[in-house]
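Listed in order, the protein sequences are those of chains S and Z.
Heads up, the first sequence is in UniProt numbering, so the first residue is 1 and it goes up one at a time.
Heads up, the second sequence is in UniProt numbering, so the first residue is 1 and it goes up one at a time.
Notes to accompany the following structure.
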Amino acid sequence: MPSTKSQVLSPIPGVFYRKPAPDKEVFIKEGDAVKSGDVIGLVEVMKNFYEIKAETDGVLESFLVNEEDILDAGQEIAVISVQ
Amino acid sequence: MIKVIQPGLQTTVQDHGRIGYYEVGMPPSGAMDKYSYTAANILVGNDENAAALEITYMGPVLEFHQDAVIALTGGEIPPKVNGQPVPMWETLAVKAGDQLSFDFVKQGARVYLAVAGGIDVPLIMDSRSTYTLCGIGGLDGRPLQAGDELKIGYEVKHQVKIGTRIQDELIPTFSKTNEIRVVVGLCSYRLTEESKERFFSIDWTVTPEANRVGYRFKGERLNFVEREQPFGAGSNPSNVVDLGYPIGSIQVPDGVEPIALLNDAVTGGGYATICTIISTDLNKMAQIKTNEKVRFVAVSIEEALQARKEYKDKVAQMKQQLQLS
Numbered sequence: 001m002p003s004t005k006s007q008v009l010s011p012i013p014g015v016f017y018r019k020p021a022p023d024k025e026v027f028i029k030e031g032d033a034v035k036s037g038d039v040i041g042l043v044e045v046m047k048n049f050y051e052i053k054a055e056t057d058g059v060l061e062s063f064l065v066n067e068e069d070i071l072d073a074g075q076e077i078a079v080i081s082v083q
Numbered sequence: 001m002i003k004v005i006q007p008g009l010q011t012t013v014q015d016h017g018r019i020g021y022y023e024v025g026m027p028p029s030g031a032m033d034k035y036s037y038t039a040a041n042i043l044v045g046n047d048e049n050a051a052a053l054e055i056t057y058m059g060p061v062l063e064f065h066q067d068a069v070i071a072l073t074g075g076e077i078p079p080k081v082n083g084q085p086v087p088m089w090e091t092l093a094v095k096a097g098d099q100l101s102f103d104f105v106k107q108g109a110r111v112y113l114a115v116a117g118g119i120d121v122p123l124i125m126d127s128r129s130t131y132t133l134c135g136i137g138g139l140d141g142r143p144l145q146a147g148d149e150l151k152i153g154y155e156v157k158h159q160v161k162i163g164t165r166i167q168d169e170l171i172p173t174f175s176k177t178n179e180i181r182v183v184v185g186l187c188s189y190r191l192t193e194e195s196k197e198r199f200f201s202i203d204w205t206v207t208p209e210a211n212r213v214g215y216r217f218k219g220e221r222l223n224f225v226e227r228e229q230p231f232g233a234g235s236n237p238s239n240v241v242d243l244g245y246p247i248g249s250i251q252v253p254d255g256v257e258p259i260a261l262l263n264d265a266v267t268g269g270g271y272a273t274i275c276t277i278i279s280t281d282l283n284k285m286a287q288i289k290t291n292e293k294v295r296f297v298a299v300s301i302e303e304a305l306q307a308r309k310e311y312k313d314k315v316a317q318m319k320q321q322l323q324l325s
């Protein structure tokens, strides 16, 4: 079955984190299954941590940004392939 | 009443500011982009000091429980009523039950939502502005939370016709690279000539530490003139004997990462302030986001005053235009 790709965008600018805390595991690994509403990362700005959530079910194909990269508002963070 | 369904990232009640208490260490708070804030109040016929909502980076979802006249100004965070896009910089009517939401930010950083009558929260030291660090003003001294209810006040001065728009030439545009004008001083003598020159010739990047208190910039290290620190000054070369910090003043603690102090900042301290953003450009500063670039440009006091005059003329033009329509 062909899969379509769904982009995950950051609504805000800030620092990107894939882990809930420095000593914790990443929220999700590339290749893992993901459900709509799952947190896949955090963006920190103005001392707030904003949860980036998947908006579709699928497989998290790849992250396009690295841990602690500074993102622009609207920047693409990850690609989810939807079966 | 307006019900907060989702609060957005940081949405606060702000008016023109808590003016007149600086000497006791109370910063003014208030709308960071005064031009857009003023335009929003003019568009709904409010008293110019009426409280509005300041929305940062990400819009809230608000549900109106009564009919209301509103206006949205500032950066471009595209607003929608019941899912349908609505224009900014225009007088809009909403009905009881309508839901206001926003798309992702496109340009700028802050949107102002004025409601005819103003947001009715208690006056604290003559102002309704939220000062979150002290937990005073606005709604319980904090940003909005889901479930909050905002009362609409009675500070309407005149009726404005629905569909009234601010003229295009009076609507600011926002960019990812910005020139911000500053007046050099008070302690610029502390920087080496080379560092002073570098400060004005590189692009500074706004870091994620950029909020109502201040904006921190990344660029390169600046150096201070070597000296024996005077009595009363801290031991770091970036320290001076304590002074009052002008709003918009820029300091460079330890020579690393300049900080521009803004509406909610500390009012004084012991860091050398090397220049001060002119008041009109504080409006522009408020619309700059994390990861965008700023080039500082030195101007004279006369040029700063001229810029202020032009700003006042623009506001007068806005009012005049609305009376004519």
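All C-beta atoms, glycine included, are put in the ideal place defined by N, C-alpha and C.
None of the values given here were measured: they were computed from a predicted structure.
For the beta strand (DSSP E) containing S101 (chain Z), list its first residue and its last residue. For the purposes of this step, residue 101 (chain Z) is taken as residue 101 along the second sequence, with counting starting at 1. Counting along the chain, the beta strand (DSSP E) containing S101 (chain Z) begins and ends at 99-102.
Here's a check: name, in chain order, each residue in its chain whose Cβ is nearer than 6 Å to the Cβ of Q145 (chain Z), leaving out the five neighbours to either side. For the purposes of this step, residue 145 (chain Z) is identified with residue 145 of the second sequence, where counting begins at 1. Excluding positions up to five away in sequence, the list reads P7.
Going by the CB atoms, is the gap between C275 (chain Z) and V160 (chain Z) shorter than 8 Å? Residue mapping note: residue 160 (chain Z) aligns to position 160 of the second sequence, counting from 1. Residue mapping note: residue 275 (chain Z) aligns to position 275 of the second sequence, counting from 1. The answer is no: Cβ separation not under 8 Å.
Rounded to the nearest angstrom, what separates M125 (chain Z) and T4 (chain S) at their Cα positions? Walking along the second sequence from the start, residue 125 (chain Z) turns up at place 125. Walking along the first sequence from the start, residue 4 (chain S) turns up at place 4. C-alpha separation (whole angstroms): 57 Å.
Under three-state DSSP, which class holds L53 (chain Z)? To locate residue 53 (chain Z), count along the second sequence from 1; it is residue 53. L53 (chain Z) falls in the strand class under three-state DSSP.
Would you identify the three-state DSSP class for S188 (chain Z), choosing helix, strand or coil? Within the second sequence, residue 188 (chain Z) is the residue found at index 188, counting from 1. The answer is helix: DSSP assigns S188 (chain Z) an H, G or I state.
Does the distance from the C-beta atom of T56 (chain Z) to that of L133 (chain Z) stay below 8 Å? Within the second sequence, the letter at position 56 stands for residue 56 (chain Z). Within the second sequence, the letter at position 133 stands for residue 133 (chain Z). It is not a contact, given that the beta carbons lie outside the stated cut-off.
What's the C-alpha gap between G248 (chain Z) and S36 (chain S)? By one-based count along the second sequence, residue 248 (chain Z) stands at place 248. By one-based count along the first sequence, residue 36 (chain S) stands at place 36. If I take the Cα positions, the gap works out to 43 Å.
Here's the rule I'm using: 16 or more other beta-carbon atoms within 10 Å means buried, otherwise exposed. How should S36 (chain Z) be labelled? Residue mapping note: residue 36 (chain Z) aligns to position 36 of the second sequence, counting from 1. Label assigned to S36 (chain Z): buried.
Starting from D242 (chain Z), trace the beta strand (DSSP E) in both directions and tell me its first and last residue. The residue given as residue 242 (chain Z) occupies position 242 in the second sequence. Note, D242 (chain Z): beta strand (DSSP E), 239-244.
Beta carbon of D242 (chain Z), beta carbon of G268 (chain Z): below 8 Å? For the purposes of this step, residue 242 (chain Z) is identified with residue 242 of the second sequence, where counting begins at 1. For the purposes of this step, residue 268 (chain Z) is identified with residue 268 of the second sequence, where counting begins at 1. Against a cut-off of 8 Å, the Cβ pair of G268 (chain Z) and D242 (chain Z) comes out as a contact.
Pick from Z:V94, Z:E90, Z:G244, Z:G75 that is closest to N82 (chain Z), judged by C-alpha positions: Residue 82 (chain Z) sits at position 82 when you count from the first residue of the second sequence. When only C-alpha atoms are compared, the closest one is Z:V94.
Mind listing, in chain order, the continuous beta strand (DSSP E) runs of no fewer than 3 residues lying wholly within the stretch 253-282 of chain Z? 259-261, 268-271, 273-277
Under 6 Å Cβ to Cβ from I19 (chain Z), same chain only, skipping five residues before and after it: list those, please. If you number the second sequence from 1, residue 19 (chain Z) lands on position 19. Closer than 6 Å at the Cβ level, and outside the excluded window around I19 (chain Z), lie P28.
Within 10 angstroms of the Cβ of E67 (chain S), are there 16 or more other Cβ atoms? Answer buried if so, exposed if not. As a first step, residue 67 (chain S) is located in the first sequence; it is residue number 67 there, counting from the start. Under this definition E67 (chain S) is an exposed residue.
Which residue marks the beginning of the alpha helix (DSSP H) containing S29 (chain Z), and which one marks its end? By 1-based counting over the second sequence, the position of residue 29 (chain Z) is 29. It is not in any alpha helix (DSSP H) - S29 (chain Z) carries neither H nor E in the DSSP assignment.
I'd like to know if V45 (chain S) contacts chain Z, where contact means its C-beta is closer than 8 Å to some C-beta of that chain. Working through the first sequence from its first residue, we reach residue 45 (chain S) at position 45. Yes, V45 (chain S) lies at the interface with chain Z (some Cβ there is under 8 Å from its Cβ).
According to DSSP, is R128 (chain Z) helix, strand or coil? Counting from one through the second sequence, the residue named residue 128 (chain Z) turns up at place 128. The answer is coil: DSSP assigns R128 (chain Z) none of H, G, I, E or B.
Do you know offhand how far K3 (chain Z)'s Cα is from I202 (chain Z)'s? For the purposes of this step, residue 3 (chain Z) is taken as the residue at position 3 of the second sequence. For the purposes of this step, residue 202 (chain Z) is taken as the residue at position 202 of the second sequence. Distance between the alpha carbons of K3 (chain Z) and I202 (chain Z): 45 Å.
How long is the line joining the alpha carbons of I77 (chain S) and V45 (chain S), rounded to whole angstroms? What you label residue 77 (chain S) is simply residue 77 of the first sequence in a count that begins at 1. What you label residue 45 (chain S) is simply residue 45 of the first sequence in a count that begins at 1. Whole-angstrom Cα-Cα distance: 16 Å.
Against chain S, does P208 (chain Z) count as a neighbour if the rule is that its beta carbon must be under 8 Å from one of theirs? Locating residue 208 (chain Z) in the second sequence gives position 208, where the first residue counts as 1. True, the Cβ-Cβ gap to chain S drops below 8 Å.
The beta strand (DSSP E) that contains R216 (chain Z), what's its start and end? As a working note, residue 216 (chain Z) is residue 216 in the second sequence. Its beta strand (DSSP E) spans residues 214-218.
Any C-beta of chain Z within less than 8 Å: which residues of the UniProt domain "Lipoyl-binding" (1-81) of chain S qualify? L9, P11, I12, P13, G14, V15, E44, V45, M46, K47, N48, Y50, I70, L71, D72, A73, G74
Could you tell me whether any Cβ in chain S is nearer than 8 Å to the Cβ of M58 (chain Z)? Taking the first residue of the second sequence as position 1, residue 58 (chain Z) is located at position 58. For M58 (chain Z), the answer is yes, since a Cβ of chain S falls inside 8 Å of its Cβ.
What residues in the stretch 90-108 of chain Z bring their beta carbon closer than 8 Å to a beta carbon of chain S? F104, V105, K106
Looking at A40 (chain Z) and A52 (chain Z), is the spacing between their C-beta atoms short of 8 Å? Translated into the one-based positions of the second sequence, residue 52 (chain Z) becomes position 52. Translated into the one-based positions of the second sequence, residue 40 (chain Z) becomes position 40. Yes; because the gap between Cβ atoms is below 8 Å, this pair is in contact.
Measuring only the C-alpha atoms, how far is S325 (chain Z) from P13 (chain S)? Counting from one through the second sequence, the residue named residue 325 (chain Z) turns up at place 325. Counting from one through the first sequence, the residue named residue 13 (chain S) turns up at place 13. Confidence at S325 (chain Z) is low in this model, with a pLDDT of 47, below 50, so its placement is unreliable and the value that follows should be read with caution. Each residue's alpha carbon lies about 39 Å from the other.
Can you find the residues in the same chain that come closer than 6 Å, C-beta to C-beta, to T177 (chain Z), ignoring five residues on each side of it along the sequence? Taking the first residue of the second sequence as position 1, residue 177 (chain Z) is located at position 177. K293, listed in sequence order.
How many Å lie between D264 (chain Z) and T11 (chain Z) at the Cα? Taking the first residue of the second sequence as 1, we reach residue 264 (chain Z) at position 264. Taking the first residue of the second sequence as 1, we reach residue 11 (chain Z) at position 11. Spanning the two alpha carbons is a distance of roughly 15 Å.
Taking only heavy atoms of the ligand ZN into account, decide whether any of them is closer than 7 Å to the Cβ of P79 (chain Z). Among the components of this structure there are no ligands whatsoever, and the ligand ZN is therefore not found.
Of the residues Z:N46, Z:K289, Z:R227, Z:G97, which one's Cα is nearest the Cα of V206 (chain Z)? Here the question's residue 206 (chain Z) lines up with position 206 in the second sequence. Taking only the C-alpha atoms, the option nearest V206 (chain Z) is Z:K289.
Grouping DSSP H, G and I as helix and E and B as strand, with all else coil, what is S325 (chain Z)? The residue given as residue 325 (chain Z) occupies position 325 in the second sequence. In this prediction, S325 (chain Z) scores a pLDDT of 47, lower than 50, which makes its location untrustworthy; the coordinate-derived value is nonetheless stated afterwards. Three-state result, S325 (chain Z): coil.
For my contact list, A68 (chain Z) and A114 (chain Z) are in at a C-beta cut-off of 8 Å; report their separation, rounded to the angstrom. The sequence position of residue 68 (chain Z) within the second sequence is 68, counting from 1. The sequence position of residue 114 (chain Z) within the second sequence is 114, counting from 1. Contact doesn't hold; Cβ gap of about 10 Å is too wide.
W89 (chain Z) versus Z:L262, Z:I77, Z:D148, residue with shortest Cα-Cα distance: Taking the second sequence and counting its residues from 1, one reaches residue 89 (chain Z) at position 89. With distances taken between Cα atoms, W89 (chain Z) lies closest to Z:I77.
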